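Take a look at the structure below.
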Amino acid sequence: MNQPFVTGSVQTPAGIVPKISSDLRWQDHWGTIKARWGVGRMHYAVDPGLYALGEPDDQSPVLVTANYKMSFDRLRKALLNRKAWLLVLDTNGINVWCAAGKGAFGTDELVRRVEFSGLNQVVSHRRLILPQLSGPGVAAHKVKKRIGFKVIFGPVRAVDLPVFLDADLKATPDMRQKTFTARERLVLIPVELVGALKWYVLILPAFFLLGGLGASSGFWNNALNHGLFAVLNLLAALAAGAVLTPVLLPWLPGRAFSQKGVIMGVIMAGVIFVFSTTYLHLKIELLEILAWFFLTPALSAFLAMNFTGSSTFTSLSGVRKEMRWAVPFEIIAGVAGLILWFGSRFIV
Amino acid sequence: MKNMVYLKDVVTLQFNKERCSGCGMCMVVCPHAVFGMNSGRVHIQNKDDCMECGACSMNCPTGALSVQSGVGCAAAVINSALGREGSCCCVVETKNDSSTGKNTTCC
């Protein structure tokens, strides 16, 4: 009850149910932005249970969702000016699709939550509308058998719900397909960046300072030359693997994400080389250039490979097959690059 | 723009025609339109589009569909190979893992 988005309560035969609205406030939008940047994302949850939207009665539809706050907000926002019951499952604050894949948004939890909420006293019909992407966790025929409620899989996206509800619970083929548009890819990039930056705050200074050591011309001269070149390449690898590959995903050649990442990494290593020599007038050695043409694509490939987890169309069998060549490639190219770089700094 | 397709000929999806009752639930839950229906009979029309989410086999009342389902996530594969518990963001088995820093980011 005492959650900031609860606006009141309604009395039902099964007890008092918290009331919510479709209006998202700035706190809700701010919460979404924070979660997109990985801030408190693993604890962005609402209390599981039944909620009333608008002034629902015993004929109003029941829509089921996960207790990830962003999922919950998407759903209530989509139901503007409508009357509905929202049944929030306990998915440990994980979104619908991921939770369904792991079984938390599953038949057992749905059955438990329907019984616990006393839903059969609140509504007179026996229909539950579930997000289509909960399919990997919920077996509709088993729910029907166990508690008598008919599971109807709604559209993939909550925004399609008004049309779906008005069309007598019929979804168009478009509503049934999970896309991966440029916009959908873009919103995932911040979390990728934040995840990588945890390592970068250690790696960047380390390479910068190591660049200062070694032969010739003094520590700071070296650091601002070889160290700076290293830092630029590391940032280029991050941009290539975690930003440019996801954005340009459909247009980069190949199917494996790692391959797309390698291509982008080679391009970015080239860009940094030209930029550093032409505009920054850095004095870089041949071995060092070679080193970064190994390291930057290797790192970019690794970051791009990790984007499979964010994508909406990669299979586990496919990821395993990709990793069979990609992981050895990334390790070998990475080690070769490091040997070349340390060689150029400390031996030659 | 047409749908993006991942690697070819890797998917473990299997369809047993004899068991199929033609109820069409697989077509409802599949997020990538892998199945087609021809005069009351289901068939696989876009196998390489399958992402092995497992929704179809979970919702097939006659057990006509099978797939080795899982999350296509490299970080999860690495974590399980390293013997770490949990996987990507979809860590739902362990609630108290925030302090261990084991939960990497993905999905």
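Sequences listed follow chains A and B, in order. In terms of my numbering, the first sequence opens at residue 1 and continues consecutively. In terms of my numbering, the second sequence opens at residue 1 and continues consecutively. Note that the Cβ used here is the ideal one computed from N, Cα and C, for glycine as well. Keep in mind the model is a prediction, meaning the values are calculated, not measured.
Amino acids of chain A, ordered along the chain, whose beta-carbon sits closer than 9 Å to that of residue i
{"i": "L7 of chain B", "result": "R255, A256, T314, S315, S317, G318, V319, K321 and E322"}
Chain-ordered neighbours of residue i on chain A, where CB pairs are closer than 7 Å
{"i": "A74 of chain B", "result": "M305, N306, T308, G309, V319 and M323"}
{"i": "G70 of chain B", "result": "L316"}
CB contact flag (residue i, residue j, <7 Å)
{"i": "K102 of chain A", "j": "S22 of chain A", "result": "no"}
{"i": "A363 of chain A", "j": "R74 of chain A", "result": "The shown model of chain A, from 1 to 348, leaves out residue 363 of chain A, and the question about it has no answer."}
{"i": "L65 of chain B", "j": "C53 of chain B", "result": "no"}
{"i": "V151 of chain A", "j": "L169 of chain A", "result": "no"}
{"i": "V111 of chain A", "j": "S71 of chain A", "result": "no"}
{"i": "A242 of chain A", "j": "E192 of chain A", "result": "yes"}
{"i": "A66 of chain A", "j": "F105 of chain A", "result": "yes"}
{"i": "S246 of chain A", "j": "R324 of chain A", "result": "Checking the sequence shown, residue 246 of chain A turns out to be Pro, not Ser. Contact: no."}
{"i": "P56 of chain A", "j": "W37 of chain A", "result": "no"}
{"i": "L128 of chain A", "j": "V46 of chain A", "result": "no"}
{"i": "A171 of chain A", "j": "F180 of chain A", "result": "no"}
{"i": "L282 of chain A", "j": "F229 of chain A", "result": "yes"}
{"i": "S344 of chain A", "j": "E288 of chain A", "result": "yes"}
{"i": "A298 of chain A", "j": "G334 of chain A", "result": "yes"}
{"i": "C60 of chain B", "j": "V34 of chain B", "result": "no"}
{"i": "L119 of chain A", "j": "L79 of chain A", "result": "no"}
Cβ of residue i within 7 Å of any chain A Cβ
{"i": "C26 of chain B", "result": "no"}
{"i": "C20 of chain B", "result": "no"}
{"i": "T12 of chain B", "result": "yes"}
{"i": "N16 of chain B", "result": "no"}
Partners in chain B for residue i, counting only beta-carbon separations shorter than 8 Å
{"i": "P371 of chain A", "result": "Any answer about residue 371 of chain A is impossible in this case: the structure gives chain A only from 1 up to 348."}
{"i": "L128 of chain A", "result": "In chain order: nothing, as chain B lies at least about 14 Å away."}
{"i": "K178 of chain A", "result": "P31 and H32"}
Proximity test, residue i beta-carbon vs the ligand NAD heavy atom, cut-off 6 Å
{"i": "K145 of chain A", "result": "This structure lacks the ligand NAD; in fact it carries no ligand of any kind."}
Under 7 Å by beta carbon: chain B residues contacting residue i
{"i": "L133 of chain A", "result": "P31"}
Neighbour flag for residue i against chain B, beta carbons, 7 Å
{"i": "P250 of chain A", "result": "yes"}
{"i": "A140 of chain A", "result": "yes"}
{"i": "P136 of chain A", "result": "yes"}
(request) May I ask you to verify whether the segment 7-17 of chain B touches the segment 218-231 of chain A, counting CB pairs closer than 8 Å and requiring at least 3? (result) no
(request) Using a Cβ-Cβ cut-off of less than 8 Å, give me the residues of the segment 142-165 of chain A that come near chain B, in sequence order. (result) F153 and V156
(request) With 8 Å as the limit, tell me which residues of the segment 205-235 of chain A have their beta carbon closer than that to any beta carbon of chain B; keep them in chain order. (result) none
(message) Any C-beta of chain A within less than 7 Å: which residues of the segment 30-59 of chain B qualify?
(response) P31, H32, A33, C50, M51, E52, C53, G54, A55, M58 and N59
(message) Residues of the segment 96-119 of chain A in Cβ contact with chain B at a cutoff of 7 Å, in chain order, please.
(response) C98, A99, G101, K102 and A104
(message) So if I threshold CB-CB distances at 7 Å, which residues from the segment 57-79 of chain A count as touching chain B?
(response) none
(message) Under 8 Å, with one C-beta from each stretch per pair, do the segment 194-204 of chain A and the segment 260-267 of chain A reach the 3-pair mark?
(response) no
(message) Counting beta carbon pairs with one atom in the segment 108-123 of chain A and one in the segment 26-37 of chain B, are three or more of them shorter than 8 Å?
(response) no
(message) Quick check: the segment 329-342 of chain A against the segment 271-279 of chain A, are at least 3 beta-carbon pairs closer than 8 Å?
(response) no
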